[in-house]
Amino acid sequence: MLSHILLLAVWPLLGALAISPNNTGISRSWSEAQQLASEFSARLTLTEKAFLATGWILGPCDGNIAPIPRLNFSGMCLHDGPAGIRVADLATLFPAGVTTGATWDRDLMYARGLAMGEEFREKGSHVILGPVAGPLGRHPLGGRNWEGFAVDPYLSGIAMEETIRGHQDAGVQACAKHYIGNEQETERSSVITNGIETAAISANIDDRTLHELYLWPFANSVKAGTASVMCSYNRLNQTYACAHDRTLNEILKGELGFQGYVMSDWFATHSGVDSVNGGLDMTMPGPLSQGEAQTLNLSAIPFHEIPSWFGTNLTTAVNNGSVSEARLDDMVLRIMTPYYLLGQDQDFPSVDPSNAWLYYVSYGLAQLNPAIPVARDVRADHGALVREIAAAGTVLLKNEQSILPIRNVTNIVVFGNDAPDTSDGLYFLGPITDPSRPLGAKYGTLAVGGGSGAGRTSDLVSPLRAIRERGYRDGFRTQYITNNDLLAGNNLTSIFPLPDVCLVFLKTFSTEGWDRLSLENDWNSTLAVENVAALCSNRTVVVTHSSGVNTLPWDDKVAAIVAAHYPGEQAGNSIVDVLWGDVNPSGHLPYTIPKNESDYDFPIVNITGPDALNSDAWQEDFTEGLFIDYRHFDAHNITPLYSFGHGLSYTTFDISSDAQVSWIAQNLSALPTPATTSTPGGNSELWGGVLNITTTISNTGSVAGAAVPQLYVSLPTRQDGGAPSGTPRSVLRGFEKVKLEAGQSIPVTFSLMRRDISFWSVEEQEWRVPQGDLQLDLGFSFGDIRASVTTQI
Ligand code: NOJ
């Protein structure tokens, strides 16, 4: 247990409470920043260089790089996570990645990234440990899928790009994570049992699948200039991802031209020399031992005395030649260039002093104390943005007899344990700290999942609270039963009179460290819905707050279903906006909803019994190649319940059938011209526009709304020169969010880049454009194609 005395030992180094200055708006080029970084590096001792690459202490931020006062360098603060500052007071809990992905709205993705970046900066955090593109979502039960945006690499890639630009425009470094293959939580990292270490699971992914699926959104991240990339816990093709020469050196830094630094996930480093030479630039969380810290007159907390693989081990490795000094210099340059690029050397706010305490308190390592300073309030008006994004990421799955939006009601009943205020407080880290509760808290709305992607809320608006407030305003009464045990037991006798509409709020908890056990919503949800639907025939509306894929076995028994994902702190307000029609729903599924759990065939690898201690046994073979989610359903002719990309509105839309194709590139070569310089994102020709397709989108209903037309591309496969076997029939390669007044029509153009119509040729180690007929399908979901056109490549 840490004492306050230990905390105070760290305290003076954190700097005094500062008034947060505005972003200095510094504008430096990469080469100017690199020049400053190399001047800084030239003044460092070998030990200082090694410590810059090694986490220092645990807390006050999730990751900390030690200060070097003689050079006026105050260190670096790295904070979780992808939905807002995880451990802080008076910060905003934003909608989760999956919710943001479900908006299909580039502007909102950017706005969220920017607002989040502003908060991190004002709290004194140099690095945001996010956004997330891995897991991508191979397993629908994967515990962390919701932290990322979508199971489709194209949608995920756009969301990564917009988010990273937003973060870094606010002056904070982004960290695209987890690279790569961290698709399940079970055995995600090595486990020590009775002193014997069993290795983490090995994700075994072939080169083509890696490039076209799991690497794709990371390529967008590098293109967007992400300062850092976090390597993941798992092994990849038998080698730990944080020591993986092929994926770190050859692909990330070589092929993709990544100029920033690779940081390890927490305790994901399993070697020193091999990892450094394999491409790892920073190990987290370190931490430096007390002895190491003292060599630079630093305090350290003796909380974790497992020696880090870096620190003085790194100086030894350089001194004995197993790591070259040039390699260490490159690490320093990679770490410091983004710092200068974003102007973090000038007027950067100090770490909010309240943070240190909250960090330790949240882990049960310190007590709350009246001396804890009041937190800096960095929320600004971000609550309004959270509300807007959450509503925009809410997907109307079905709406029979237009039961929604709710109109002219006098009496509503709210059912379900997801509806009320949370019983367990405003911060729930989840099974990482409390494995006895794999379903999270029993009572209370679920605004976000668990683990490092969670977040504290300073205020959380529950659906029940927001609906009652709406009722006071609109003159309807609100009854409720929030105990799912009563609902499952069909004990609904307290309800009188019978309502005009029954709203059932369900939740699906999902968390880092655990994979989900079932695709159904939690807490006896099926019985709960069936019993309510029997009472409230034809007028039951189900709302889910879920991490993503669910089965909905009661689908045909209810009038409407709304997937509201993890909405963040304005949960109640955003769902009321949609249910009452103040906001016309425009969210679309960033994954597929199956009819049956067995329709998905991607079981989590779980080994029990004696073999669980055998490292060789933990193998996760990605034999399905490119066929995950909708590509899997399509290839196996499985009809989903709701297709990837599906989402209804209170109005209707159409796409004209006469789409126009115009080639930008004439005589497109099959391979791009080899790149002569290394640019972030890789060969710039891959990102160049080659083809435009223009169509007209119309609002054919009677209210304003936003459509999400989607472009799916089928590469030529059957002809000579076509894409090889293993190519999905059709994949997403474009989307737009189009706002339309009732009756309005507007032209929309989709632009395809060379990468969009290429496949990864393993033999040539290059993106190749296949020859033959290219089919372009336009629709409102993968299963709702309204217009098709074929053009010759
Ligand atoms: C482990 C998680 O995998 C990672 O996402 C997070 O940033 C670190 N812990 C720090 O909390």
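Here the sequence shown stands for residues -18 to -1, 1 to 775, numbered as in mature numbering (1 follows the signal peptide of the UniProt record, and there is no 0). No residue lacks a Cβ here, since even glycine has one placed at the ideal position from N, Cα and C.
State yes or no: is the C-beta of Trp248 nearer than 7 Å to some heavy atom of the ligand NOJ? The count along the sequence shown starts at 1 and reaches residue 248 at position 266. Indeed, a heavy atom of the ligand NOJ lies less than 7 Å from the Cβ.
Check this for me: beta carbons of Phe604 and Ile187, under 8 Å apart or not? Locating residue 604 in the sequence shown gives position 622, counting from the first residue. Locating residue 187 in the sequence shown gives position 205, counting from the first residue. Yes, they are a contact pair.
For Glu144: DSSP bridge partner residues: Here residue 144 corresponds to residue number 162 of the sequence shown, with the count starting at 1. Looking at the DSSP assignment, Glu144 forms no beta bridge with any residue, so it has no partner.
If you draw a straight line from the alpha carbon of Phe764 to that of Arg715, how long is it in whole angstroms? Here residue 764 corresponds to residue number 782 of the sequence shown, with the count starting at 1. Here residue 715 corresponds to residue number 733 of the sequence shown, with the count starting at 1. The straight-line gap from Cα to Cα measures roughly 11 Å.
First through last residue of the alpha helix (DSSP H) which encompasses Ile775: Taking the first residue of the sequence shown as position 1, residue 775 is located at position 793. For Ile775, no alpha helix (DSSP H) encloses it, and the DSSP letter there is neither H nor E.
At what residues does the alpha helix (DSSP H) containing Val525 begin and finish? Stepping through the sequence shown from its first residue, residue 525 is reached at position 543. No alpha helix (DSSP H) contains Val525, which is instead part of the beta strand (DSSP E) from Thr522 to Ser528.
According to DSSP, is His193 helix, strand or coil? Along the sequence shown, read from residue 1 onward, the residue named residue 193 stands at position 211. Looking at His193 - three-state DSSP - the assignment turns out to be helix.
Contact check, residue 777 vs Val531 under 8 Å by CB: the rounded distance? Given a span of -18 to 775 for the chain in the structure shown, any question on residue 777 remains unanswerable.
What's the call for Phe762, buried or exposed, on a 16-neighbour Cβ count within 10 Å? Position 780 of the sequence shown, counted from the start, is the residue given in the question as residue 762. Flag for Phe762 reads buried.
In angstroms, rounded to a whole number, what distance separates the CA positions of Leu722 and Tyr345? For the purposes of this step, residue 722 is taken as the residue at position 740 of the sequence shown. For the purposes of this step, residue 345 is taken as the residue at position 363 of the sequence shown. About 48 Å.
Would you call Ile178 buried or exposed, if buried means 16 or more other Cβ atoms sit within 10 Å of its Cβ? Translated into the one-based positions of the sequence shown, residue 178 becomes position 196. Label assigned to Ile178: exposed.
DSSP state of Arg217, grouped into three classes? Translated into the one-based positions of the sequence shown, residue 217 becomes position 235. Arg217: strand per DSSP, three-state reduction.
Report yes if the C-beta distance between Tyr215 and Ala182 is below 8 Å; otherwise report no. Working through the sequence shown from its first residue, we reach residue 215 at position 233. Working through the sequence shown from its first residue, we reach residue 182 at position 200. Yes, they are a contact pair.
Shortest alpha-carbon distance to Ser171 belongs to which of Phe76, Glu232, Phe410 and Trp496? Taking the first residue of the sequence shown as position 1, residue 171 is located at position 189. Closest option to Ser171, Cα to Cα, is Trp496.
Where do the ends of the alpha helix (DSSP H) carrying Gly63 lie? Along the sequence shown, one-based indexing puts residue 63 at 81. No alpha helix (DSSP H) contains Gly63, which DSSP labels as neither H nor E.
Which residues mark the beginning and the end of the alpha helix (DSSP H) in which Lys31 is found? Stepping through the sequence shown from its first residue, residue 31 is reached at position 49. Segment Leu28 to Leu34, the alpha helix (DSSP H) holding Lys31.
When burial is assigned at 16 or more other CB atoms within 10 Å of the CB, is residue 781 buried or exposed? In the structure as shown, the chain begins at -18 and stops at 775. Residue 781 is therefore absent and cannot be evaluated.
Of the residues Val720, Thr82, Gly260 and Asp406, which one's Cα is nearest the Cα of Gly687? Within the sequence shown, residue 687 is the residue found at index 705, counting from 1. It is Val720 whose Cα lies nearest to the Cα of Gly687.
Per DSSP, the bridge partner or partners of Glu179: Counted from its first residue, the sequence shown places residue 179 at position 197. Ile174, per the DSSP bridge assignment.
At a cut-off of 7 Å, is Leu111 close to the ligand NOJ when judged by its beta-carbon and the heavy atoms of the ligand? Here residue 111 refers to the residue found at position 129 of the sequence shown. It does: the Cβ of Leu111 is within 7 Å (strictly closer) of some heavy atom of the ligand NOJ.
Identity of the residue in Asn674, Ala429, Pro267 and Thr145 nearest Asn399 by Cα: Position 417 of the sequence shown, counted from the start, is the residue given in the question as residue 399. Nearest of Asn674, Ala429, Pro267 and Thr145 to Asn399, Cα basis: Ala429.
Please classify Gly79 as buried or exposed, where buried requires at least 16 neighbouring CB atoms within 10 angstroms. Taking the sequence shown and counting its residues from 1, one reaches residue 79 at position 97. Classification for Gly79: buried.
Asn4 classed as buried or exposed, judged by whether at least 16 other C-beta atoms fall within 10 angstroms: Position 22 of the sequence shown, counted from the first residue, corresponds to residue 4. In this prediction, Asn4 scores a pLDDT of 46, lower than 50, which makes its location untrustworthy; the coordinate-derived value is nonetheless stated afterwards. Asn4 comes out exposed.
Quick check: what's the CA-CA separation for Phe397 versus Leu123? The count along the sequence shown starts at 1 and reaches residue 397 at position 415. The count along the sequence shown starts at 1 and reaches residue 123 at position 141. Using only the alpha carbons, I get a separation of about 26 Å.
Return yes when the C-beta of His252 is under 7 Å from any heavy atom of the ligand NOJ, and no when it is not. Within the sequence shown, the letter at position 270 stands for residue 252. Every heavy atom of the ligand NOJ is 7 Å or more from the Cβ of His252, so no.
On the three-pair Cβ rule with 8 Å, is the segment 302 to 319 touching the segment 67 to 79? Output reads no: the segment 67 to 79 does not touch the segment 302 to 319.
Beta carbon of Ser434: closer than 7 Å to some heavy atom of the ligand NOJ? Here residue 434 is taken as the residue at index 452 of the sequence shown, counted from 1. Checking every heavy atom of the ligand NOJ against the Cβ of Ser434, one is found closer than 7 Å.
Sort Gly670, Gly627 and Val395 by Cα distance to Arg736 and report the nearest one. Locating residue 736 in the sequence shown gives position 754, where the first residue counts as 1. Closest by alpha carbon: Gly670.
The segment 553 to 560 contacting the segment 510 to 517, beta-carbon criterion three pairs below 8 Å: Per the Cβ contact rule, the segment 553 to 560 is not in contact with the segment 510 to 517 (fewer than 3 Cβ pairs under 8 Å).
Taking the alpha carbon of Thr298 as the point to measure from, which residue in Val258, Val333 and Leu280 has its own alpha carbon closest? The residue labelled residue 298 in the question sits at position 316 within the sequence shown. Nearest of Val258, Val333 and Leu280 to Thr298, Cα basis: Val258.
The alpha helix (DSSP H) that contains Lys424, what's its start and end? Within the sequence shown, numbered from 1, the residue matching residue 424 stands at position 442. No alpha helix (DSSP H) holds Lys424; DSSP gives it neither H nor E.
Between Tyr624 and chain B, is any beta-carbon pair separated by less than 8 Å? As a matter of chain content, chain B is missing from the structure shown, which is built from one protein chain.
Compute the distance between the beta-carbons of Asp227 and Gly261, then report whether it is under 8 Å. Residue mapping note: residue 227 aligns to position 245 of the sequence shown, counting from 1. Residue mapping note: residue 261 aligns to position 279 of the sequence shown, counting from 1. Closer than 8 Å, so yes.
Could you check the C-alpha separation between Asp766 and Gly591 for me, to the nearest Å? What you label residue 766 is simply residue 784 of the sequence shown in a count that begins at 1. What you label residue 591 is simply residue 609 of the sequence shown in a count that begins at 1. In a straight line, the C-alpha of Asp766 is about 46 Å away from that of Gly591.
If you follow the alpha helix (DSSP H) that Thr294 is part of, which residue opens it and which one closes it? Residue mapping note: residue 294 aligns to position 312 of the sequence shown, counting from 1. Looking at the DSSP string, the run of the alpha helix (DSSP H) that includes Thr294 is Thr294 to Asn301.
Asn337, enclosing alpha helix (DSSP H) - first and last residue: One-based indexing of the sequence shown puts residue 337 at position 355. Taken as a continuous stretch (DSSP letters only), the alpha helix (DSSP H) holding Asn337 covers Pro335 to Ser344.
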